[in-house]
Amino acid sequence: MAGDGLSDGMSGNLSIRLPDMIVITPSGVPYDAMTPADIVVISQDGTLPGAKRRRPSTETPMHLAVYHACGPAAGAVAHTHSPYVVALSATSDALPAVHYAMAGLGGPVRVTPYARFGTAELADRAVAGLAGRSAVILGNHGALTYGATLSQAYDRARTLEWLARVYWLAAQAGQPRTLTEEQLTEVADATRELRYGEE
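Position one of the sequence shown corresponds to residue 2 (my numbering), numbered consecutively onward.
Structure representation (structure tokens):
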């Protein structure tokens, strides 16, 4: 995530849901120093079975809330602090559909009101913002995306940052034109029909 510019230092976190557990990145460990032994295993209710080398991410409540609210479609979660998304989170109520790639996130991405990191309030606002979407921007904070796999959740985080950057650049040149809900639905339908992006 650091190499892709999605997080800086120790910010952001990743998790994967398995049938009887969740694995999540630890709290307070820089990405360039993280090893497989640092990854934390927790139960589905967030408890820590047995002794652990590291503490789970402070955003564990938000990850658990997404898994509980979004069902089987959420197999992994990526939480990032990418710069264009964070900048947008401080200036806008939503990321409009400036490119058809937005269809892959479910439509324009909502920006939630600010809530402190690690809180139930942040978790609740993230889940509310995700309604009908696979991405949400957290006010004055960052973003969260989910997917069936870690690769999909991570790719969505990269797409979200790219879309935020495109919107930011377009807004410097004038009033960005945006796609309608019908146009995004047409893209989503064509993607399914053509199996776009599948091997």
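All C-beta atoms in this analysis are idealised placements derived from N, C-alpha and C, irrespective of residue type, glycine included.
This structure is a prediction, so every number in the text was calculated from the model and none was measured.
Taking Y68 as reference, the option from A38, L15, R166 and P31 with the minimal CA-CA separation is L15. Contact between I17 and G76 holds: their C-beta atoms lie close to 7 angstroms from each other, under 8 angstroms. With fewer than 16 other Cβ atoms from the protein chains shown falling within 10 Å of its own Cβ, Q176 counts as exposed. Residue state for L170 is assigned as helix, using DSSP reduced to three classes. Around the Cβ of T113, a 10 Å sphere holds 16 or more other Cβ atoms; the residue is buried. Only residues of its own chain outside the window of five on either side were considered, and among them R56, S58 and T59 have a CB closer than 6 angstroms to the CB of S28, listed in chain order. In the DSSP assignment, T186 falls within the alpha helix (DSSP H) that extends over E182 to L195. In the three-state DSSP reduction, S16 falls in the strand class (E or B). The DSSP-derived three-state label of P57 is strand.
Selection T186, V128, G13 and G6 evaluated against Y101 yields T186 as nearest (Cα-Cα).
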